[in-house]
Ligand code: UD1
Ligand code: CA
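In this note's numbering, the protein residues as written are 26 to 490.
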């Protein structure tokens with residue numbers, strides 16, 4: 026058979042997902058940074074299909090809103106079974122000739138390789154209907170792939186409809202099929218709901234093709250875990266664990282050290298360079314990027330954050346932040362959107378930074394809030410400093426604090442924005458800085474100390490001084 030037959034992909038995603046026991050459509054449950062359906066589509070995408078059709082039904086509006094524009098959708102009005110879902114896809118396949126890969130939308134673990142193996146076998150052996158069969162435990166409630174004499178599939182029988190003898194078959198139907206488009210169109214009108222569930226089964230389309238004398242193949246491919254469709258939230262957790270492992274394995278084989286991987290979660294969109302080290306209890310999400318030599322963890326939670334070469338992030342949370350080369354963060358720092366730590370800078374313990382630049386070599390070592398500020402190179406912020414950026418009397422929005430290079434602020438200063446501290450200036454401990462400080466000056470902005478002699482004695486013993 027020619028490998029240049031056209032390919033279409035149909036993803037069945039209209040099912041109710043009753044066993045999930047909740048409102049969210051089953052295929053929209055998030056699992057490791059994507060929806061269940063998102064994983065299926067990500068696996069199908071590299072096949073380069075001429076068109077991709079997603080069949081929606083239960084929660085259709087919500088499901089369709091989650092899809093990229095490149096995907097076509099078809100609505101199944103009533104959820105009368107997976108075979109009926111295929112029927113609903115036919116209008117979207119009008120004029121298409123070639124092969125149609127049909128995939129269960131709850132099969133988040135199907136890999137591109139496995140889908141490709143099904144298509145390749147189907148096409149190279151001139152099959153009319155092909156199903157992915159995976160060997161598994163006969164106690165599992167999956168359809169049984171029943172083979173005839175010449176090894177072709179005779180039928181796929183649902184576990185609830187199977188005889189004792191059929192139940193003993195350990196080739197299980199995984200939910201990935203390939204059909205000749207014309208055979209699909211010919212088979213759909215002949216489906217009946219004469220079965221235990223009273224539904225139209227996609228699986229019967231394979232039996233119909235076999236009955237018509239076409240070649241029907243069962244392709245054994247993929248790993249045992251690919252059988253796992255998501256029907257309950259127990260399945261969801263199990264699937265997440267498999268996906269998580271796959272992502273970690275990919276990074277480790279590419280040169281990333283991951284310590285205690287059972288405690289680490291990395292979403293598929295995260296990029297990590299070789300020779301980065303990820304320590305236990307770390308979660309990396311979204312568009313996070315980690316450069317070589319960075320040490321992330323233990324206990325780091327980073328979302329959409331850039332960590333440059335050789336930086337160190339320990340027990341800290343960051344979102345939409347940048348941590349420059351050689352910078353150190355934590356323990357217990359909180360970097361919020363727009364925190365931009367330049368090279369060799371530091372955000373230490375119990376420090377919160379938002380929408381601020383911390384210049385090269387500058388340090389915010391302890392117990393501070395820095396928001397809407399610019400801190401110059403090599404500046405040191407004393408313990409417990411706060412930028413008071415919220416001044417409703419000055420109008421909407423936050424006020425900025427500008428701190429020059431080589432500045433040293435004393436402990437426990439409040440910098441009341443808008444305010445500018447010049448290069449090389451100092452502020453005294455406990456100062457409430459409300460006016461600009463010239464370069465090189467010392468700002469003292471606190472009440473002068475008064476000592477009242479003998480005061481304590483007077484209070485305690487009533488003595489007259
Ligand atoms: C299905 C297979 C079973 C296989 C198993 C693998 C059928 C009849 N059986 O069983 O042989 O072992 O998958 O996981 O298909 N759907 C619709 N519209 C509907 C009903 C279902 O779009 O009216 C979609 C679902 O969203 C799902 C897929 O079809 O993605 C399969 O339906 P599901 O109810 O999950 O079938 P299973 O009982 O898991
Ligand atoms: Ca299922």
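Each residue gets a CB set at the ideal place from its N, CA and C atoms; glycine is no exception.
Since this is a predicted model, take the numbers as computed values, not measurements.
When the distance is taken between beta carbons, is residue j closer than 7 Å to residue i?
i           : j           : result
residue 318 : residue 307 : no
residue 452 : residue 458 : yes
residue 383 : residue 366 : yes
residue 72  : residue 159 : no
residue 235 : residue 241 : yes
residue 378 : residue 406 : no
residue 436 : residue 398 : no
residue 169 : residue 191 : yes
residue 315 : residue 301 : yes
residue 161 : residue 262 : no
residue 99  : residue 114 : yes
residue 125 : residue 206 : yes
residue 195 : residue 163 : yes
residue 472 : residue 456 : no
residue 335 : residue 351 : yes
residue 226 : residue 198 : no
residue 46  : residue 104 : no
residue 464 : residue 449 : yes
residue 342 : residue 348 : no
residue 404 : residue 432 : yes
residue 147 : residue 155 : yes
residue 326 : residue 340 : no
residue 62  : residue 52  : yes
residue 393 : residue 410 : yes
residue 97  : residue 117 : yes
Mark residue i as exposed unless 16 or more other C-beta atoms lie within 10 angstroms of its C-beta, in which case mark it buried.
i           : result
residue 54  : buried
residue 209 : buried
residue 462 : buried
residue 80  : buried
residue 474 : exposed
residue 278 : exposed
residue 476 : exposed
residue 359 : buried
residue 60  : buried
residue 560 : Outside the displayed span of the chain (26 to 490) sits residue 560, for which this structure offers no information.
residue 38  : buried
residue 32  : buried
residue 137 : exposed
residue 27  : The predicted model places residue 27 with a pLDDT of 49, which falls under 50 and marks its position as unreliable, so this point remains unresolved.
residue 149 : exposed
residue 183 : buried
residue 157 : buried
residue 49  : exposed
With DSSP collapsed to three states, give me the class of residue i.
i           : result
residue 83  : coil
residue 41  : coil
residue 483 : helix
residue 176 : coil
residue 33  : strand
residue 473 : coil
residue 306 : coil
residue 51  : helix
residue 211 : helix
residue 97  : strand
residue 76  : strand
residue 370 : coil
residue 218 : coil
residue 444 : strand
residue 318 : coil
residue 146 : helix
residue 205 : strand
residue 63  : helix
residue 419 : helix
residue 26  : With a pLDDT of only 44 at residue 26, under the threshold of 50, the placement of this residue in the model should not be trusted, and no figure is reported.
residue 190 : helix
residue 141 : helix
residue 199 : strand
residue 430 : coil
residue 68  : helix
residue 466 : coil
residue 89  : helix
residue 184 : helix
In chain order, which beta strand (DSSP E) runs of at least 3 residues are fully inside the region 99-138? 124-129
Of all the beta strand (DSSP E) runs that stay within the bounds of the region 220-298, which reach a length of 3 or more residues? 241-245
Pull every residue with its beta-carbon under 6 Å away from any heavy atom of ligand 2, and keep them in chain order. 129, 131, 254, 256
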